[in-house]
Each structure stands twice: as C-alpha cells, then as structure tokens.
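**Student:** Numbering of the sequence shown is given in the numbering used here, commencing with residue -15 and proceeding in unit increments. Glycine included, every Cβ here is placed at the ideal spot set by N, Cα and C.
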Amino acid sequence: MDSKKTKAAGKWTAILVLVLAPALAQAQSPESAVGGNASLWAGAEVSAFNPDYSCGSDVPLGCNAQLAGPAVLFDLNVKPKWGIEGEARWLHWNGPGGQIESNYLAGPRYRAIQYRRLNLWLKVLLGAGLITTPNYPAAGGVKGSLFAYAPGGTAEYRLTHQLSLRGDYEFQFWPSFVGPPGFNSSGVLVEHNHGLTPNGFSLGATWRFLGR
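1. For the beta strand (DSSP E) containing residue 142, name the first residue and the last one.
2. Out of curiosity, what's the CA-to-CA distance linking residue 192 and residue 44?
3. From residue 195 to residue 92, what distance separates their C-alpha atoms?
4. Going by DSSP in three states, residue 54 sits in which element: helix, strand or coil?
5. Could you check which residue in 164, 156, 172 and 67 has the C-alpha nearest to that of residue 22?
6. When the Cα atoms are used, what is the spatial distance from residue 49 to residue 78?
7. If you measure between the beta carbons of residue 163 and residue 119, is that distance less than 7 Å?
8. Can you tell me whether residue 82 is helix, strand or coil according to DSSP?
9. What is the DSSP secondary structure of residue 107, counted as helix, strand or coil?
10. Expressed to the nearest angstrom, what Euclidean distance is found between the alpha-carbon atoms of residue 17 and residue 59?
11. To the nearest angstrom, how far is it from the Cα of residue 112 to the Cα of residue 87?
12. Please state if the CB of residue 34 and the CB of residue 46 are separated by a distance shorter than 7 Å.
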C-alpha cells in the first residue's frame, strides 16, 4: 500500500511540475517574457470546505464537520485578461475521526469583470487530490491520491498597488474516488461509489512580487 501511494504521489508531482514549468519559467522575468502587462502575485488563504465524504449535503458550508485549513497560491497574469493560477491547500482541521483532504492544482484563469479596484476571475484548475478517510487505518479506511479538477471563481479587491484581498470558491471533482460506505453526522448511511465533489470558500490576500 505504501509503495502504491508513493508511486501515485510521484505521478501527480510530475504532472504538476509539467503544468507549472511554463509558468515558473515566465515568472523569472514576466515583463521580458510576455510584455509589460505581466505580473506575479503570491499569497495565502484560509479555507472551509464541504469534504463530500461523510456529508449528505453538497452545500459548501452544509456539514457539521467542515474541513478547514490553510492554502498558498500564486497568480501569474500574463495578459490583461488571462493568467495562470496554482495552489496547494491542506484541509487538516475539524475532520471527524482524523479525516483530512488536500489538493495541489494549477491551470488557466480569465478575468470576466473589472470594476475600478474589483476584479472577478473564472478559473479551471487540475492536479491531485489527497484524502484520508475517518478512522484510517481501521477496517474500511482509505488513504490515497487521485486526479482532481476544479472550476471556480475569484473576487479580488486591490487595496494598494502591491496588495490585494481575495475571496475564492471552488467546486472540485475527484471522479475516480471509490470508497466504503459511511455515516454522516446525522447517522444516515452515505454511499461513496460516485467520485467526490468537495467544494468550499477561501479568504486571503496576495502580494505582487513582479510586474505591474
């Protein structure tokens, strides 16, 4: 089991490296690489997610045991309306029976609306989702990494030339997840044979490191 998890983690790490390599190469000098409108922002968030597993509701804040945790991210804006986002999120708090989820995702984003200091972005990220189900390694527990993709949206408010506040929503899809049935906080049996769809909100801030 450990060797399988190690191979899976290595596979997803390689995929993320391939996805992020062009962004990191451009980030070394964004103005010279893609013109004077490029910028590189990085920051952190705090997230609250409905983990889907052991929850009978799809509402973002609809579980008694919402998973919570920190995230780090970067935004490489290569054009006025187009950019690349990457994130790592660790939802390690408040899970029943030690349940945790994490994700490592990256992909394109598009600025749909700009109004003064407010920017609204749409995004589609892909990469890896990691899960440890409640009470693992007890019988029926699961721990592993899977392919994940996540459409979402971000609202950014520019406080200064270098500092932005942001609120974010993601609806993640983990299509290959299959796990044993479990019980939600109300004692109702929940089947886990249809993939997972964790979703939730994040609040945080980013700082401009390069560009305009």
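**Tutor:** Walking through what the data contain:
1. Taking the sequence shown and counting its residues from 1, the one referred to as residue 142 is at position 158. Per DSSP, residue 142 belongs to the beta strand (DSSP E) from 127 to 142.
2. Numbered from its first residue, the sequence shown carries residue 192 at position 208. Numbered from its first residue, the sequence shown carries residue 44 at position 60. In a straight line, the C-alpha of residue 192 is about 29 Å away from that of residue 44.
3. Within the sequence shown, numbered from 1, the residue matching residue 195 stands at position 211. Within the sequence shown, numbered from 1, the residue matching residue 92 stands at position 108. The straight-line gap from Cα to Cα measures roughly 18 Å.
4. Taking the first residue of the sequence shown as 1, we reach residue 54 at position 70. Of the three classes helix, strand and coil, the one that applies to residue 54 here is strand, per DSSP.
5. Sequence index remark: in the sequence shown, residue 22 carries index 38 (1-based). Ranking the options by Cα distance to residue 22, first place goes to 67.
6. What you label residue 49 is simply residue 65 of the sequence shown in a count that begins at 1. What you label residue 78 is simply residue 94 of the sequence shown in a count that begins at 1. One C-alpha to the other measures close to 6 Å.
7. Taking the sequence shown and counting its residues from 1, one reaches residue 163 at position 179. Taking the sequence shown and counting its residues from 1, one reaches residue 119 at position 135. For residue 163 and residue 119, no; Cβs fall outside 7 Å.
8. Translated into the one-based positions of the sequence shown, residue 82 becomes position 98. Correct three-state label for residue 82: helix.
9. For the purposes of this step, residue 107 is taken as residue 123 along the sequence shown, with counting starting at 1. Looking at residue 107 - three-state DSSP - the assignment turns out to be strand.
10. Numbered from its first residue, the sequence shown carries residue 17 at position 33. Numbered from its first residue, the sequence shown carries residue 59 at position 75. Here the model assigns residue 17 a pLDDT of 45, short of 50, so the residue's position is not dependable and the matter cannot be decided.
11. Stepping through the sequence shown from its first residue, residue 112 is reached at position 128. Stepping through the sequence shown from its first residue, residue 87 is reached at position 103. Taking the straight line from one Cα to the other gives about 6 Å.
12. On the sequence shown, residue 46 is found 62 positions in, with the first residue counted as 1. On the sequence shown, residue 34 is found 50 positions in, with the first residue counted as 1. Yes. Within cutoff.
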